[in-house]
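What follows is a short report on a single structure.
Numbering (my numbering), first residue to last: 136 to 371.
Given below as structure tokens:
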């Protein structure tokens, strides 16, 4: 298997899983604080130089990447666990969402013994695919990256929704006017729209995980057959 087969999905994974959520949250904050951002940026542009712009861009890139990593980690707790609770009351109840891959991993007939508690880990299937059928493996990882992106997007919209809701609650109980602009944080427009995207992205993550789990089960016989061929199936 060539290095190209391994490198492409890794770069693609980093790009869409770590950078895309940051772009989303930046747009969300820009809309939420539109009036404030507009005035500040207009004032800064008067006295800002090329070096200042470069420093700001580098700082933003660093923050964006770190936020993407944070969103990936925290989204597991806030999004995945929320769906687990919904499944207990028969919402998001597809069996494909929580497939046990123990028997699937056993079919791979790997030359090493896997710890009992790790036999259901579908990463064994992903890397088995990359080893024996790289093109399929790359496609599977790409689909998995989309799944992680939808989870991080759900987390980002949840954060934006909570911020806007907190603004509204503070205004309701203290009469302190904190609404930013006509459509910013604290307005019903922003709160309802962000909540709508929370529902949409939660459902998107749920469906993508169901699709990916189902796909792994269906593609498994092909991967096993490919592993028994004299060549890896790499087209390079």
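Every residue, glycine too, gets a C-beta built ideally from N, C-alpha and C.
None of the values given here were measured: they were computed from a predicted structure.
Do residue j and residue i come within 9 Å of each other at the CB atom, strictly closer than that value?
i, j, result
"residue 222", "residue 233", "yes"
"residue 154", "residue 200", "yes"
"residue 206", "residue 354", "no"
"residue 325", "residue 166", "yes"
"residue 160", "residue 318", "no"
"residue 347", "residue 266", "no"
"residue 168", "residue 320", "yes"
"residue 329", "residue 296", "yes"
"residue 350", "residue 278", "yes"
"residue 357", "residue 271", "yes"
"residue 80", "residue 359", "With the chain running from 136 to 371 in the structure shown, residue 80 is simply not present."
"residue 236", "residue 216", "no"
Classify residue i as buried or exposed, calling it buried when 16 or more other Cβ atoms lie within 10 Å of its own Cβ.
i, result
"residue 230", "exposed"
"residue 157", "buried"
"residue 283", "buried"
"residue 269", "buried"
"residue 162", "exposed"
"residue 299", "buried"
"residue 304", "exposed"
"residue 214", "buried"
"residue 309", "exposed"
"residue 363", "exposed"
"residue 280", "buried"
"residue 198", "exposed"
"residue 218", "buried"
"residue 212", "exposed"
"residue 371", "Residue placement at residue 371 is flagged as unreliable, the pLDDT there being 47, under the threshold of 50; a coordinate-derived value is accordingly withheld."
"residue 361", "buried"
Helix, strand or coil for residue i? Go by DSSP, reduced to three states.
i, result
"residue 228", "coil"
"residue 139", "Note that residue 139 scores 43 on pLDDT, short of 50, meaning its location in the model is unreliable and no value can be drawn from it."
"residue 320", "coil"
"residue 245", "coil"
"residue 256", "coil"
"residue 219", "helix"
"residue 365", "coil"
"residue 338", "helix"
"residue 279", "helix"
"residue 234", "coil"
"residue 268", "coil"
"residue 261", "helix"
"residue 200", "helix"
"residue 168", "coil"
Kindly indicate if chain B contains any beta-carbon less than 9 Å away from that of residue i.
i, result
"residue 209", "Although the question refers to chain B, the structure presented lacks it and comprises just one protein chain."
- Task: Take every Cβ of the stretch 287 to 303, pair it with every Cβ of the stretch 257 to 272, and state whether three or more of those distances are shorter than 8 Å.
- Result: The stretch 287 to 303 makes no contact with the stretch 257 to 272: fewer than 3 CB pairs, one atom from each, lie closer than 8 Å.
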